Amino acid sequence: MSLKGKSALVTGSTSGIGQAVAEAFAAQGCNVMLNGFGDAAAIEKLRQGMAGKFGVRVEYNGADMSKPAAIADLVAKTNGAFGGVDILVNNAGIQFVAPVEEFPAEKWDAIIAINLSATFHAIHAALPLMKARKWGRIVNIASTHGLVASAHKVAYVAAKHGILGLTKVVGVECADTGVTCNAICPGWVLTPLVQKQIDDRAKAENIPVDKAKKDMLSEKQPQLQFTTTEQIAGLALFLCSDTASNMQGTQLVSDGGWVAQ
Ligand code: NAD
Numbered sequence: 015m016s017l018k019g020k021s022a023l024v025t026g027s028t029s030g031i032g033q034a035v036a037e038a039f040a041a042q043g044c045n046v047m048l049n050g051f052g053d054a055a056a057i058e059k060l061r062q063g064m065a066g067k068f069g070v071r072v073e074y075n076g077a078d079m080s081k082p083a084a085i086a087d088l089v090a091k092t093n094g095a096f097g098g099v100d101i102l103v104n105n106a107g108i109q110f111v112a113p114v115e116e117f118p119a120e121k122w123d124a125i126i127a128i129n130l131s132a133t134f135h136a137i138h139a140a141l142p143l144m145k146a147r148k149w150g151r152i153v154n155i156a157s158t159h160g161l162v163a164s165a166h167k168v169a170y171v172a173a174k175h176g177i178l179g180l181t182k183v184v185g186v187e188c189a190d191t192g193v194t195c196n197a198i199c200p201g202w203v204l205t206p207l208v209q210k211q212i213d214d215r216a217k218a219e220n221i222p223v224d225k226a227k228k229d230m231l232s233e234k235q236p237q238l239q240f241t242t243t244e245q246i247a248g249l250a251l252f253l254c255s256d257t258a259s260n261m262q263g264t265q266l267v268s269d270g271g272w273v274a275q
């Protein structure tokens, strides 16, 4: 598929899934706005590398996705840089793990802000631009935790369930506008977000990291393979293709059988 001349804003694209999604769009000729935290020199290397490799424009904006005004500015800057925001991938996210009665209130607030409210604020700002051009694709990165629960992830599970509800409402409201809004629910993907959970588990249980990794997979994901960042990027591309133009307010799940059980 060609996305030549289109532009995509991918939040949280300095690492993991977001970075793979940004690369996949750039590879199809799409201009890309990167966003996320990290080492400034590494981000600039990523930006230049992507632009050079794929011959597209790649910009970076370090907006903090917990801040509504910064999100509105990020969307406006993307529009200013590329003359439109055709594709919005709401991906930035964080995790924190603790039993509900020990869960710090500030961690709850941060996860709800970054993993849920940021998606509302970005859509709120970008949707009028998409509707005016009668074409747009909104892809929300949810999770298997949008469909089922795990212990000790109260804020994350609440936020991801919220993402699927928000996706349905926006999808229904976008019917017949040329804009679609859908979600992707990955199972375990081996990114820094999950590596931290593996390392924490290895430490807590005093077991080798490799054993912690295998245990986490076998608990949830019967295929015993991590979903790859490239596979999630492929699903995001698919949701932007003509084949998916009649998909609205729904989700694609890639979880090695996690929620089928
Ligand atoms: P990651 O830690 O590799 O990447 C997260 C990205 O979000 C980074 O670029 C980080 O800088 C950015 N980010 C974090 N806080 C931010 C903030 N306040 N403002 C701007 N950017 C911020 O994690 P990942 O695994 O690639 O996760 C990406 C998304 O995929 C998240 O929404 C996560 O919930 C979801 N997800 C991940 C998995 C998995 O197994 N890795 C599974 C299901 C869903």
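My numbering numbers the first residue of the sequence shown as 15 and each following residue consecutively. From the three backbone atoms N, C-alpha and C, an ideal C-beta is built for every residue, glycine too. Remember, it's a predicted structure, so these values are computed and weren't measured experimentally.
Residue j beta carbon less than 8 Å from that of residue i
i: Asn100; j: Trp149; result: It should be pointed out that residue 100 corresponds to Asp in this sequence rather than to Asn. Yes.
i: Arg151; j: Cys254; result: yes
i: Ala86; j: His135; result: yes
i: Asn154; j: Ala106; result: no
i: Ala40; j: Met15; result: no
i: Asp214; j: Gln235; result: no
i: Asn104; j: Ala132; result: yes
i: Leu251; j: Leu266; result: no
i: Leu17; j: Gln42; result: yes
i: Ile198; j: Ala156; result: yes
i: Val72; j: Val111; result: no
i: Leu102; j: Ala77; result: no
i: Asn196; j: Met261; result: yes
Residue i to residue j span [Cα, whole Å]
i: Phe117; j: Gln109; result: 12 Å
i: Tyr170; j: Ile126; result: 8 Å
i: Lys67; j: Glu115; result: 49 Å
i: Ile212; j: Glu219; result: 11 Å
i: Ala83; j: Gly271; result: 39 Å
i: Val193; j: Ala172; result: 26 Å
i: Ala59; j: His166; result: Rather than Ala, the amino acid found at residue 59 in this sequence is Lys. C-alpha separation (whole angstroms): 37 Å.
i: Arg61; j: Glu37; result: 10 Å
i: Gln239; j: Gly201; result: 10 Å
i: Met79; j: Glu233; result: 32 Å
i: Lys20; j: Met230; result: 39 Å
i: Ser27; j: Leu207; result: 13 Å
i: Gly97; j: Lys228; result: 46 Å
Opposing strand residues paired with residue i [DSSP bridges]
i: Lys154; result: Here the sequence assigns Asn to residue 154, which means Lys is not the residue at that position. Partner(s): Asn104, Ala197.
i: Val168; result: Paired residue(s): none; Val168 is not in a bridge.
i: Leu5; result: No information on residue 5 is available, as it lies outside the stretch 15 to 275 that the chain covers here.
i: Ser268; result: Pro200
i: Glu219; result: Answer by DSSP bridge pairing: none, since Glu219 is not bridged.
i: Asn75; result: Asn49
i: Thr241; result: Val203
Cβ of residue i within 8 Å of any chain C Cβ
i: Val114; result: Protein chains in the displayed structure number just one, and chain C is not present.
Would you say the segment 175-183 touches the segment 219-233, given that touching needs at least three Cβ pairs under 8 Å?
no
Across the segment 153-163 and the segment 50-57, are there enough close Cβ pairs to call them in contact, namely three or more that are closer than 8 Å?
no
So does the segment 29-41 actually touch the segment 239-256, counting three or more Cβ pairs closer than 8 Å?
yes
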